[in-house]
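In our numbering, the protein residues as written are 282 to 528.
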């Protein structure tokens, strides 16, 4: 019998701790498949965030480290500068990257650090109870915005891909989603390309991935995917925001 699907070698096979309908499991698989196809698992080092993916070191079958909240880009920078032949990535949520870690990510991109960042945007703090995040949409109800986010009170949602794409050191910045099979396939292509940009030494690369948080959104898994399509994508358009060719 022909095998058409198997678990990627770059995953350990450990049981996910993620909630039903959460997008992290899909994204983990896309990252792992890309590592397998590029043949880089044995020389890849990943940095876990503080957030729902804090236990990613249990799932990725490569060298993994844990960083303090928001500091994954700094840890990745140190590793890459010392071990330049390694492929180094961070895996971060919107609270970790766009709130406490905003300074870290902006300066890493500005410096053109040759690291790859996978930024999971589900518009909410997931692990700590569903508080408003920098990416929470206007009108969205969270535990700390019970009447909906208001632009005059909390400001506008942060558009990370657009922001980082303006920096000279950024080589590849794109936004994708995992709400449909077609979008998941495009997300994998972007993830793989981000790794390739690093391997070519072109500069900093970031893939923003729109994902779901059914538990904190108060929706079922299917409804959450629909909410992503109807609410998130209009505000966070998919596509490439910066593509710098190798010199």
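Virtual Cβ for every residue (Gly too), placed ideally from N, Cα, C.
Item	Value
Ignore the nearest five residues each way along the sequence and tell me which others in residue 283's own chain have a CB closer than 6 Å to its CB.	none
Below 8 Å between beta carbons: does that hold for residue 500 and residue 508?	yes
Could you check where the alpha helix (DSSP H) with residue 464 kicks off and where it finishes?	462-480
Just to confirm before moving on: does the CB-CB distance between residue 324 and residue 290 stay below 8 Å?	no
Quick one, are the C-beta atoms of residue 350 and residue 369 less than 8 Å apart?	no
Relative to the C-alpha of residue 486, which residue among 498, 392 and 343 is closest?	392
Is the region 339-349 close to the region 415-434, with three or more CB pairs under 8 Å?	no
Report all residues from its chain with a CB closer than 6 Å to the CB of residue 411; omit the five preceding and five following residues, and keep chain order.	405, 423, 424 and 497
For residue 469 and residue 306, what's the separation of their Cα atoms in angstroms?	13 Å
Helix or strand or just coil, what does DSSP make of residue 283?	coil
Report yes if the C-beta distance between residue 354 and residue 379 is below 8 Å; otherwise report no.	no
Going by alpha carbons, who is nearest to residue 302 out of 492, 512 and 464?	492
Counting pairs of beta carbons, one from the region 426-439 and one from the region 356-367, are three or more of them closer than 8 Å?	no
Are residue 401 and residue 382 close, meaning C-beta to C-beta below 8 Å?	no
Can you tell me which of the three DSSP states residue 404 falls into?	coil
Extract the residue ranges of the alpha helix (DSSP H) inside the region 334-416, only unbroken runs of 4 or more that lie entirely within it.	353-363 and 383-392
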